[in-house]
Amino acid sequence: QTVVTQEPSFSVSPGGTVTLTCGLKSGSVSTNYYPSWYQQTPGQAPRTLICGTNRRSSGVPDRFSGSILGNKAALTITGAQPDDESDYYCVLYMGTNWVFGGGTKLTVL
Amino acid sequence: EVQLVESGGGLVQPGGSLRLSCATSGITVTTSYMIWVRQAPGKGLEWVSVIYGGGGTYYADSVKGRFTISRDNSKNTLYLQMNSLRAEDTALYYCIGGVDSSSKGFDFWGQGTMVSVSS
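So, in C-alpha cells, the structure goes:
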C-alpha cells in the first residue's frame, strides 16, 4: 500500500516563505509521479494550485510554485498572505490511479 | 465555463446502494479522465475511482468490487454506482475532470454530494 506523507501542520508569518513537502513512505518522489497540489478552505471544494510538478493552474498567483526538492515534491508559498491559511493536499499519480497525502494545515500568523 | 454538478447523495442504510451522477458542461465525459474523490467528515481527501477517455477504469482498494464508475456520453454524465455501502463510505463525494493528460492533475472540481451511511 502506497503511503504519501505530508507535514500535518505548518506555520508561517505574513509575508514569509514556507515550503510544504510531499513524500513517499517508501521511495523517492520524482516528476514521474506528476505531483499536484490543492488548497482547501473549510466548507469549500478544493482548488487546484499546481499540476505536473510545477504547472500553475489558471488564475493561481505566481507566489505559489511547485518543484522537486531532494526526494520529495514541494509547494513553496512566497510572501504568505492571511488568505493562504488553508489545508493543502498533494497527490501522486501511480500509473493508473492516484494517492493523496494526508494534508498539511497551514496557519498564517 | 466548465461546470461539474454532482447529485444523488443521501442517507442510506448499511448494505444499501446509491448511484451518484455528475452532469458536465464545458468538457465532455470522454475527456482524458474523469475521477471521483471523497472526503469523510473532518478528514482528508481520498481518491476513489477513475474512468479514462479510452474507457479503462480503476478503483481504490477500499471500494473495489463494490463501486462501479461509468459514463453516458450522450448525456455527458459521469456515474458512480455504490453497492454494499458501509459506514466508512460516509463522505462528501467530488466529481473531477482531468483534461490535460500530460500533467495528470485534477483540473476541474464539482461542489460535491454528501453520502451518509447509517442505520
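Protein chains in written order, with our numbering: chain A, 1 to 109; chain B, 1001 to 1119. Just so you know, even glycine gets a beta-carbon here, dropped at the ideal spot from N, CA and C. Values in this document were obtained by computation on a predicted structure and should not be read as measured data.
- In this structure A:C22 is not in contact with A:V3, their Cβ atoms being roughly 11 angstroms apart against a cut-off of 8 angstroms.
- Of all residues in the segment 50-82 of chain A, those with a C-beta nearer than 7 angstroms to a C-beta of chain B are C51, G52 and R55, reading in chain order.
- When Cβ-Cβ separations below 9 angstroms define contact, A:P14 makes no contact with chain B.
- Leaving aside the five residues that flank B:I1069 on each side, the residues in its chain whose CB is nearer than 6 angstroms to its CB run, in chain order, S1049, I1051, T1057 and L1080.
- Across the structure, B:L1011 and B:V1117 are spaced so that their CA atoms are roughly 6 angstroms apart.
- For the pair A:S30 and A:V12, the Cα-to-Cα distance works out to about 26 angstroms.
- Think of a sphere of 8 angstroms around the beta carbon of A:V99: the chain B residues whose beta carbon falls inside it are W1047, in chain order.
- In terms of beta-carbon proximity, B:I1027 stays away from the interface with chain A, with every pair separated by 9 angstroms or more.
- When CB distances to chain B are screened at a threshold of 7 angstroms, the residues of the segment 13-36 of chain A falling below it are Y34 and S36, in chain order.
- Inter-segment contact for the segment 35-50 of chain A and the segment 85-105 of chain A is present: three or more beta-carbon pairs are separated by less than 8 angstroms.
- Counting only Cβ-Cβ distances below 7 angstroms, A:Y93 has contacts in chain B at K1104, in chain order.
- The bridge partners DSSP lists for A:T78 are A:T17.
- Inter-residue distance for B:Y1033 and B:K1104 is about 9 angstroms (C-alpha atoms, whole angstroms).
- By the C-beta density criterion, B:A1091 is buried, having at least 16 other C-beta atoms within 10 angstroms.
- Residue-level contact by beta carbon holds for B:I1035 and chain A, with a gap shorter than 9 angstroms.
- With a contact defined as Cβ atoms closer than 8 angstroms, A:Q44 and A:T104 miss out at about 17 angstroms.
- CA-CA distance, A:G16 to B:K1075, rounds to 48 angstroms.
- Given a length threshold of 3 residues, each whole run of the beta strand (DSSP E) inside the segment 1077-1114 of chain B is given here in chain order: 1077-1082 and 1091-1098.
- Against chain A, the beta carbon of B:D1100 has neighbours under 9 angstroms at C51, G52 and R55, listed in chain order.
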